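Student:
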Amino acid sequence: MAWRARRILTAARRKARGYFQLTTRNGWRMSAADAYLRPATKRANVSVLTDTQVLRILFDGRQAIGVACRTGETTRVVKARRGVILSAGAIQSPQLLMLSGIGPAKHLQEHDVPVLIDRPSVGQNLQDHLQFRLIYRCAKAITTNDALRTLWGRAKLGLEWLLFRTGALAVGINQGGMFARLMANAKTPDIQFHVATLSADIAGGKVHDFPGFTLSVCQLRPESRGHIALASSDPMARPRIFANYLATATDRDYAVQSIGFARKLAGTPPLADLVEAEVTPSPGVRTEGEVLDFARRNGATIFHPSGTCRMGSDEDAVVDPRLRVRGVAGLWVVDCSIMPTLVSGNTNVPAMMIAEKAADMILEDNEEQHLGRTSWQAQPYRIAI
Ligand SMILES: Cc1cc2nc3c(=O)[nH]c(=O)nc-3n(C[C@H](O)[C@H](O)[C@H](O)COP(=O)(O)OP(=O)(O)OC[C@H]3O[C@@H](n4cnc5c(N)ncnc54)[C@H](O)[C@@H]3O)c2cc1C
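My numbering puts the sequence shown at residues 83 to 467.
1) Taking Cβ to Cβ, would you say N256 is nearer than 8 Å to A278?
2) In the region 153–219, which residue ranges form an unbroken beta strand (DSSP E) of at least 3 residues, counting only runs that do not cross its ends?
3) With C-beta atoms as the reference, is L413 less than 8 Å away from A348?
4) What number of angstroms, rounded off, separates the C-alpha of N448 from the C-alpha of A126?
5) How about the region 324–332 and the region 412–426: do they share at least three Cβ pairs that are nearer than 8 Å?
6) Three or more beta-carbon pairs under 8 Å between the region 359–375 and the region 225–242, yes or no?
7) With distances taken Cα to Cα, identify the nearest neighbour of D335 among T105, S364, R158 and P304.
8) Pull up the distance between the alpha-carbon of D396 and that of Q145, whole angstroms please.
9) Looking only at DSSP bridge pairs, what is F324 linked to?
10) Measure the C-alpha to C-alpha separation of A252 and L104 and round it to an integer number of angstroms.
11) Under 8 Å Cβ to Cβ from T134, same chain only, skipping five residues before and after it: list those, please.
12) Tell me the DSSP secondary structure of G454 in three-state form.
13) Since D210 and T383 are thought to touch, with beta carbons under 8 Å apart, how far apart are those beta carbons, to the nearest angstrom?
14) Do you know offhand how far V401's Cα is from G165's?
15) Report, in whole angstroms, the separation of the C-beta atoms of H193 and S314, which I expect to be a contact under 8 Å.
16) Contact between the region 172–191 and the region 417–430 is defined here as three or more beta-carbon pairs at a separation below 8 Å; is this criterion met?
17) Any residues whose CB sits closer than 5 Å to a heavy atom of ligand 1? List them in chain order?
18) Could you give the distance in angstroms between the alpha-carbon of T232 and the alpha-carbon of H276?
19) Quick check on the burial criterion: 16 or more other C-beta atoms within 10 angstroms. Buried or exposed for T429?
20) Go ahead and pull the three-state DSSP assignment for C151.
21) Excluding the five sequence neighbours on either side, which residues of its own chain have a C-beta within less than 7 Å of the C-beta of M112, listed in chain order?
22) Which of helix, strand or coil does DSSP assign to T296?
23) By Cβ distance, which residues of its chain are closer than 7 Å to R247, with the 5 residues on each side in sequence left out?
24) Given A344, which residues of its chain have a CB within under 8 Å of its CB, disregarding the five upstream and five downstream residues?
25) Since I184 and A162 should fall inside the 8 Å C-beta cutoff, what is the C-beta to C-beta distance between them, to a whole number of angstroms?
26) Mind listing, in chain order, the continuous alpha helix (DSSP H) runs of no fewer than 4 residues lying wholly within the region 226–305?
27) Could you tell me the alpha carbon to alpha carbon distance between F295 and S388, rounded to whole angstroms?
28) Would the region 309–325 and the region 128–142 be scored as touching if the rule is three or more Cβ pairs under 8 Å?
29) Would you call the CB atoms of C220 and L353 closer than 8 Å?
30) In or out: V204 buried (at least 16 other Cβ within 10 Å) or exposed?
31) If the criterion is Cβ atoms closer than 8 Å, does the pair I224 and P293 meet it?
32) State the Cα-Cα distance for the pair T362 and Y218, rounded to the nearest angstrom.
33) Starting from the C-beta of S306, find all residues in its chain whose C-beta is less than 7 Å away, skip the five residues before and the five after it, and write them out in chain order.
34) Using the three-state DSSP reduction, which class does Q103 fall into: helix, strand or coil?
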């Protein structure tokens, strides 16, 4: 495998080298709220309710007519003239559908939720990228760990960002990435690397007091499928997440082999010149069983949950190809939950692309109408929770 690692590194250097793309602008993280929502709030027909939780979607028969939501102690109804777009993400969009009576009838009945549409696929098909983080002690004190260790180092990072909008603070934690083909039969890249010039025991935790960097690797198209379930009919209760990582032999094989591949990369020049020692998993973790055990204990989400309100043309799909919830009118789901299969990469831009495409389709479907005209008003509303 060493020659393959060297070949891929060489190819990456010669051919595939490029910028690691980030959602940033002028050195600032650019969220969807910054890019899309804030400019739109200038419009007269946009109202944003913050610190407000949607409790359920309201229907008149099978027509979505609004939502019930809660701000602090106040529960109110937001009425929709044209329809409701549900974008609560892959964990909570299916939760809200289920709380609103669309989901597996048996499961809804277990929680005393009246069934509007028996749709067993709601909440199923959960997919995510499971990431394994390999941490290395760097032979040179050139990592972000080192910059952060001293007051002067931190000041330099801050000044560089303030004056030039460059440096470690102007980019994400992961400053590099790589897509590679691991399995011999892979026609397109099947694993992805995120490379961080820092290291910590847990992602986002305090950095180590030694020079360190992190190679994170994940399988791009996992076979394992989890699901989302209601914990209760209380809309304020968190749903239950059954991630079901590494459920198939293929995914376990990927875990073991991708960690092995990352190790080979770290042992291949020029990266090898910077490696003083492997910290995690640690050189003692060698056999297939030990590596799999490491994967099970240390594998963590890259926060790419998807697939739980699957789009499709079949009877079991949650939304149709125009993202309309099947079986009801005036309700769309627009977020990562609609992906039938997880994309082979990060999900933030795909989520925005889904939204852009959905906007076009919804406007096409309502040519003469303006969806933005949603009227909302506080109304006495009794919700059994
Ligand atoms: C820590 C972290 C780091 C990430 N880093 C990257 C990255 O570097 N690159 C990348 O490509 N992707 C990254 N992602 C993934 C990316 O952010 C998601 O794929 C993307 O945001 C998903 O979009 P979405 O619209 O499906 O869901 P979300 O962005 O989760 O949007 C759902 C929204 O609905 C709201 N909501 C949920 N339930 C309710 C309710 N009942 N009432 C009211 N509001 C509700 C939530 O508060 C949230 O604002 C990261 C995710 C996380 C969590």
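Glycine included, each C-beta is placed from N, C-alpha and C at the ideal position. Quantities reported herein were computed from a predicted structural model and do not represent experimental measurements.
Tutor: The answer reads as follows:
1) Here residue 256 corresponds to residue number 174 of the sequence shown, with the count starting at 1. Here residue 278 corresponds to residue number 196 of the sequence shown, with the count starting at 1. Cβ atoms of N256 and A278: closer than 8 Å.
2) 156–161 and 166–168
3) Here the question's residue 413 lines up with position 331 in the sequence shown. Here the question's residue 348 lines up with position 266 in the sequence shown. No.
4) As a first step, residue 448 must be located in the sequence shown, where it is residue number 366. As a first step, residue 126 must be located in the sequence shown, where it is residue number 44. In a straight line, the C-alpha of N448 is about 20 Å away from that of A126.
5) no
6) no
7) On the sequence shown, position 253 is the one that residue 335 refers to. Of the listed residues, the one whose Cα sits closest to D335 is P304.
8) Here residue 396 corresponds to residue number 314 of the sequence shown, with the count starting at 1. Here residue 145 corresponds to residue number 63 of the sequence shown, with the count starting at 1. Cα-Cα distance, rounded: 21 Å.
9) Taking the sequence shown and counting its residues from 1, the one referred to as residue 324 is at position 242. F324 is bridged by DSSP to H309.
10) Taking the sequence shown and counting its residues from 1, the one referred to as residue 252 is at position 170. Taking the sequence shown and counting its residues from 1, the one referred to as residue 104 is at position 22. Taking the straight line from one Cα to the other gives about 10 Å.
11) To locate residue 134, count along the sequence shown from 1; it is residue 52. These residues qualify, in order along the chain: C151, R152 and T153.
12) Taking the first residue of the sequence shown as 1, we reach residue 454 at position 372. Note that G454 has pLDDT 45, beneath the 50 cutoff, so the model's placement of it is unreliable and the number below is only indicative. Here G454 sits in coil by DSSP.
13) Along the sequence shown, one-based indexing puts residue 210 at 128. Along the sequence shown, one-based indexing puts residue 383 at 301. Correct: roughly 5 Å between the Cβ atoms.
14) On the sequence shown, position 319 is the one that residue 401 refers to. On the sequence shown, position 83 is the one that residue 165 refers to. About 15 Å.
15) The residue labelled residue 193 in the question sits at position 111 within the sequence shown. The residue labelled residue 314 in the question sits at position 232 within the sequence shown. Yes, they are in contact, since the Cβ atoms of H193 and S314 sit about 6 Å apart, within 8 Å.
16) The region 172–191, when compared against the region 417–430, does touch it at the 8 Å Cβ threshold.
17) Cβ atoms closer than 5 Å to ligand 1 belong to Q135, V136, A170, G171, Q174, F385, D417, C418, N428, T429, N430 and A433.
18) By 1-based counting over the sequence shown, the position of residue 232 is 150. By 1-based counting over the sequence shown, the position of residue 276 is 194. Computed Cα separation, rounded: 26 Å.
19) Within the sequence shown, numbered from 1, the residue matching residue 429 stands at position 347. Under this definition T429 is a buried residue.
20) As a position in the sequence shown, residue 151 is number 69, starting the count at 1. C151 sits in a strand when the DSSP states are folded into three classes.
21) If you number the sequence shown from 1, residue 112 lands on position 30. Result list for M112: T105 and T106, in chain order.
22) Here the question's residue 296 lines up with position 214 in the sequence shown. In the structure shown, T296 sits in a strand (DSSP, three-state: E or B).
23) Stepping through the sequence shown from its first residue, residue 247 is reached at position 165. Contacts found: N108 and G109.
24) Here residue 344 refers to the residue found at position 262 of the sequence shown. Excluding positions up to five away in sequence, the list reads F214, L216, F275, L297 and V299.
25) The sequence position of residue 184 within the sequence shown is 102, counting from 1. The sequence position of residue 162 within the sequence shown is 80, counting from 1. In this structure, I184 and A162 do not form a Cβ contact; the two beta carbons are roughly 16 Å apart against a cut-off of 8 Å.
26) 226–231 and 233–246
27) For this step, residue 295 is matched to residue 213 along the sequence shown. For this step, residue 388 is matched to residue 306 along the sequence shown. Computed Cα separation, rounded: 29 Å.
28) yes
29) Here residue 220 refers to the residue found at position 138 when the sequence shown is read from its first residue. Here residue 353 refers to the residue found at position 271 when the sequence shown is read from its first residue. In this structure, L353 does not lie closer than 8 Å to C220 by Cβ.
30) Counted from its first residue, the sequence shown places residue 204 at position 122. By the 10 Å Cβ count, V204 comes out buried.
31) Translated into positions along the sequence shown, residue 224 becomes position 142. Translated into positions along the sequence shown, residue 293 becomes position 211. The answer is yes: Cβ separation under 8 Å.
32) As a working note, residue 362 is residue 280 in the sequence shown. As a working note, residue 218 is residue 136 in the sequence shown. Roughly 7 Å separates the two Cα atoms.
33) Locating residue 306 in the sequence shown gives position 224, counting from the first residue. Answer for S306: N326, Y327, L328, A329, T330 and D333, listed in chain order.
34) Position 21 of the sequence shown, counted from the first residue, corresponds to residue 103. If DSSP states are grouped into helix, strand and coil, Q103 belongs with coil.
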